[in-house]
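Numbering (this note's numbering), first residue to last: 3 to 341.
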Amino acid sequence: MRYFHCLPVVFSALMLGCASTPEQHDTTADLNATLPNLTLKTVLPSAEANSYCTPQMDSDILYGVGMQLFNANDTANARSCLIFAAPEHNRAFCYLSLIADRDQEKTQAERDQESFNYIAYAASQNDWCAEYGMWRIYQIGSKGVERDPELAKRWLERSALHGYGESQSALAYRYEADEDFVAGLAWTRILGEDDDLEQQERLRQQMDAKQLAASDKLYESLKKRVTSKEAMYAEAREEDIGRYSATIHLNDPEVLQGMETEQRRDFIRQAMFTALDLPYVETREQVTLYMVLSRRAQMLEPGADILQNPQLVALLQDSELSFEQANADARRIIENTYR
């Protein structure tokens, strides 16, 4: 299997910490005014089809394939796939920015300009990843721009308000370091994770009644403004539909043939949630295998439920088998069982 791994969206070059004062700035129009005047047409180059991607493919599959090729260090093919996907998927610009940074055929100034423009355009479209990238750029002064810690703080705040947990955590810890316990406690509560209870208590012990009341007020205000964890989870699951579809497209493409876009997405969505509810499913590989086997069985017998087949369930549970071997064994079982 060429590119199985569905790695999470990780942009290690963008991951550091900073802070910002909530409610201090207009975090949309005011910040967008600091960006260059970029349009999709001016920022996005042309691309040629390759053996993995064509512009006619569904955009979520293009994005998922681009992610996997990037993580496999096939940046040339990843770039084309991500360019095709970018008009519908702003997150693709974060990957394109990283690819631009590696382009040794261009001068450093050319790489910096292209990389910055990708991040800046996506940030103008309210993408939390790109907003986090803008914080990183201005915090250290990179990609051809001067260091501007105050502007960096504002971009970090905007990313945090758009729900990105890394940004929220950075804000909370930075506020604590700056002894702004009011804001630090409010953002720590926004994170709302069990691991942060100790930090919350530590902050409370350093605050008087007036500060606690102010922090409560700020927390209630932030709750109304910050993108909810439920919305972020839903976004991640929708992205997973493309990622799983891309994995299948790369490794067993005939399984998806003949499906219209919404039919395919509905199938992948339902199969994903079914698989994730199974007590023995612990890996993305198992989820993908369940999808492939279910689709193969249903191609032969509409409505077939492979979970009623002990042989197929045993293959799903066998962690010693590779995806290729389990899929090959299951195919023989399916062809002999379903008509």
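We put the CB at the ideal spot given by N, CA and C, even for glycine.
Treat the numbers as computed from the prediction; the structure is a model and nothing was measured.
Worksheet item: If you check the beta carbons only, do residue 284 and residue 247 fall under 9 Å apart?
Response: If you number the sequence shown from 1, residue 284 lands on position 282. If you number the sequence shown from 1, residue 247 lands on position 245. In this structure, residue 247 does not lie closer than 9 Å to residue 284 by Cβ.
Practice prompt. Could you work out which residue in 302, 137, 88 and 281 is closest to residue 42 when comparing CA atoms only?
Written response: Taking the sequence shown and counting its residues from 1, one reaches residue 42 at position 40. Ranking 302, 137, 88 and 281 by Cα distance to residue 42 puts 88 first.
Worksheet entry | Rounded Cβ spacing between residue 131 and residue 93 (contact assumed at less than 8 Å) | Residue 131 sits at position 129 when you count from the first residue of the sequence shown. Residue 93 sits at position 91 when you count from the first residue of the sequence shown. Between residue 93 and residue 131 the Cβ distance is about 6 Å, and since that is below 8 Å, they are a contact.
Worksheet entry | 7 Å Cβ shell around residue 109 - same chain, five flanking residues per side excluded | Position 107 of the sequence shown, counted from the start, is the residue given in the question as residue 109. No residues qualify anywhere along the chain.
Discussion item. Please report the distance separating the alpha-carbon of residue 35 from that of residue 157.
Written reply: By 1-based counting over the sequence shown, the position of residue 35 is 33. By 1-based counting over the sequence shown, the position of residue 157 is 155. Each residue's Cα considered, the two are about 12 Å apart.
Worksheet entry | C-alpha distance - residue 213 paired with residue 176, whole-angstrom precision | Residue mapping note: residue 213 aligns to position 211 of the sequence shown, counting from 1. Residue mapping note: residue 176 aligns to position 174 of the sequence shown, counting from 1. Answer to the nearest angstrom: the Cα atoms are 17 Å apart.
Worksheet item: Which first and last residues belong to the alpha helix (DSSP H) in which residue 219 is found?
Response: Indexing the sequence shown from 1 puts residue 219 at position 217. Looking at the DSSP string, the run of the alpha helix (DSSP H) that includes residue 219 is 211-227.
Discussion item. For residue 299 and residue 307, I'd like the C-alpha separation in whole angstroms.
Written reply: Looking up residue 299 in the sequence shown gives position 297. Looking up residue 307 in the sequence shown gives position 305. Distance between the alpha carbons of residue 299 and residue 307 is about 8 Å.
Item to complete: With a threshold of 16 other CB atoms inside 10 Å of the CB of residue 226, please say whether the residue is buried or exposed.
Response: Translated into the one-based positions of the sequence shown, residue 226 becomes position 224. That one is exposed.
Worksheet item: How long is the line joining the alpha carbons of residue 104 and residue 148, rounded to whole angstroms?
Response: The residue labelled residue 104 in the question sits at position 102 within the sequence shown. The residue labelled residue 148 in the question sits at position 146 within the sequence shown. For residue 104 and residue 148, the distance between alpha carbons rounds to 21 Å.
Discussion item. Beta-carbon within less than 7 Å of residue 171's beta-carbon, same chain only, minus the 5 sequence neighbours each way: which residues are those?
Written reply: Taking the sequence shown and counting its residues from 1, one reaches residue 171 at position 169. Only 193 meet the Cβ criterion.
Worksheet item: Of the residues 317, 154 and 305, which one's Cα is nearest the Cα of residue 133?
Response: Counting from 1 along the sequence shown, the entry for residue 133 is found at position 131. It is 154 whose Cα lies nearest to the Cα of residue 133.
Fill in: Length of the line joining the Cα atoms of residue 313 and residue 337
Taking the first residue of the sequence shown as position 1, residue 313 is located at position 311. Taking the first residue of the sequence shown as position 1, residue 337 is located at position 335. Near 13 Å, if we compare the C-alpha coordinates of residue 337 and residue 313.
Practice prompt. Mind checking which residues open and close the alpha helix (DSSP H) that includes residue 329?
Written response: For this step, residue 329 is matched to residue 327 along the sequence shown. Its alpha helix (DSSP H) spans residues 325-339.
Practice prompt. Have a look at residue 223 and residue 230 and give me their C-alpha separation to the nearest angstrom.
Written response: Here residue 223 refers to the residue found at position 221 when the sequence shown is read from its first residue. Here residue 230 refers to the residue found at position 228 when the sequence shown is read from its first residue. Roughly 13 Å between the two C-alpha positions.
Worksheet item: Are the Cβ atoms of residue 199 and residue 178 separated by less than 9 Å?
Response: Taking the sequence shown and counting its residues from 1, one reaches residue 199 at position 197. Taking the sequence shown and counting its residues from 1, one reaches residue 178 at position 176. Contact flag unset, no.
Worksheet item: What span of residues does the alpha helix (DSSP H) with residue 48 cover, start to end?
Response: As a position in the sequence shown, residue 48 is number 46, starting the count at 1. Unbroken run through residue 48: none, as it is neither H nor E.
Discussion item. Taking only three categories from DSSP, how would you classify residue 24?
Written reply: Within the sequence shown, numbered from 1, the residue matching residue 24 stands at position 22. Note on residue 24: pLDDT 38, under 50, position unreliable in the model; the coordinate value appears next. If DSSP states are grouped into helix, strand and coil, residue 24 belongs with coil.
Worksheet item: Could you give the distance in angstroms between the alpha-carbon of residue 122 and the alpha-carbon of residue 339?
Response: The residue labelled residue 122 in the question sits at position 120 within the sequence shown. The residue labelled residue 339 in the question sits at position 337 within the sequence shown. So the two alpha carbons sit approximately 54 Å from each other.
Worksheet item: Which whole runs of the alpha helix (DSSP H) in the region 61-112 are 4 residues long or more, in chain order?
Response: 61-73, 77-87 and 94-103
Discussion item. By the three-class DSSP mapping on this structure, what secondary structure does residue 282 have?
Written reply: Taking the sequence shown and counting its residues from 1, one reaches residue 282 at position 280. The answer is coil: DSSP assigns residue 282 none of H, G, I, E or B.
Worksheet item: Leaving out the 5 sequence neighbours to the left and right, which residues in its chain are closer than 7 Å to residue 319 when beta-carbon positions are compared?
Response: Position 317 of the sequence shown, counted from the start, is the residue given in the question as residue 319. 282.
Item to complete: Please state whether DSSP places residue 313 in a helix, a strand or coil.
Response: If you number the sequence shown from 1, residue 313 lands on position 311. It is helical.
Practice prompt. Would you check if the distance between the CB atom of residue 99 and the CB atom of residue 126 is smaller than 9 Å?
Written response: As a first step, residue 99 must be located in the sequence shown, where it is residue number 97. As a first step, residue 126 must be located in the sequence shown, where it is residue number 124. In this structure, residue 126 does not lie closer than 9 Å to residue 99 by Cβ.
Discussion item. Taking the alpha helix (DSSP H) that residue 321 belongs to, which residues open and close that run?
Written reply: Mapped onto the sequence shown, residue 321 falls at position 319. No alpha helix (DSSP H) contains residue 321, which DSSP labels as neither H nor E.
Item to complete: Determine the direct distance from the alpha carbon of residue 165 to that of residue 234, and round the result to whole angstroms.
Response: Against the sequence shown, residue 234 aligns to sequence position 232. Against the sequence shown, residue 165 aligns to sequence position 163. Looking at the two C-alpha atoms, the distance is approximately 7 Å.
Discussion item. I'd like to check one pair, residue 329 with residue 294: are the Cβ atoms closer than 9 Å?
Written reply: Position 292 of the sequence shown, counting from 1, holds the residue named residue 294. Position 327 of the sequence shown, counting from 1, holds the residue named residue 329. Closer than 9 Å, so yes.
Worksheet item: Once you ignore the five residues that flank residue 297 on each side, which residues in its own chain have a CB closer than 6 Å to its CB?
Response: Within the sequence shown, residue 297 is the residue found at index 295, counting from 1. Closer than 6 Å at the Cβ level, and outside the excluded window around residue 297, lie 257.
Discussion item. Measuring only the C-alpha atoms, how far is residue 49 from residue 216?
Written reply: The count along the sequence shown starts at 1 and reaches residue 49 at position 47. The count along the sequence shown starts at 1 and reaches residue 216 at position 214. Approximately 53 Å, taken between the alpha carbons.
Worksheet item: From residue 208 to residue 218, what does the alpha carbon distance come to, in whole angstroms?
Response: Counting from 1 along the sequence shown, the entry for residue 208 is found at position 206. Counting from 1 along the sequence shown, the entry for residue 218 is found at position 216. Each residue's alpha carbon lies about 15 Å from the other.
Worksheet entry | 6 Å Cβ shell around residue 271 - same chain, five flanking residues per side excluded | For this step, residue 271 is matched to residue 269 along the sequence shown. Contacts found: 243.
Discussion item. Assuming the contact rule is C-beta atoms closer than 8 Å, residue 45 and residue 120 should be a hit. Round their C-beta distance to whole Å, please.
Written reply: In the sequence shown, residue 45 corresponds to position 43, counting from 1. In the sequence shown, residue 120 corresponds to position 118, counting from 1. 7 Å between Cβ atoms; contact.
Fill in: Local Cβ density within 10 Å of residue 266, reported as buried at 16 or more and exposed below that
If you number the sequence shown from 1, residue 266 lands on position 264. So residue 266 ends up on the buried side.
Worksheet item: Helix, strand or coil: how does DSSP classify residue 304 here?
Response: By one-based count along the sequence shown, residue 304 stands at place 302. Three-state result, residue 304: coil.
Fill in: Through-space distance from residue 202 to residue 28, alpha-carbon basis
Translated into the one-based positions of the sequence shown, residue 28 becomes position 26. Translated into the one-based positions of the sequence shown, residue 202 becomes position 200. Any reading at residue 28 needs caution, since the residue's pLDDT is 46, under 50, leaving its predicted position unreliable; the model's value is listed next. When rounded, the distance between both Cα atoms is 28 Å.
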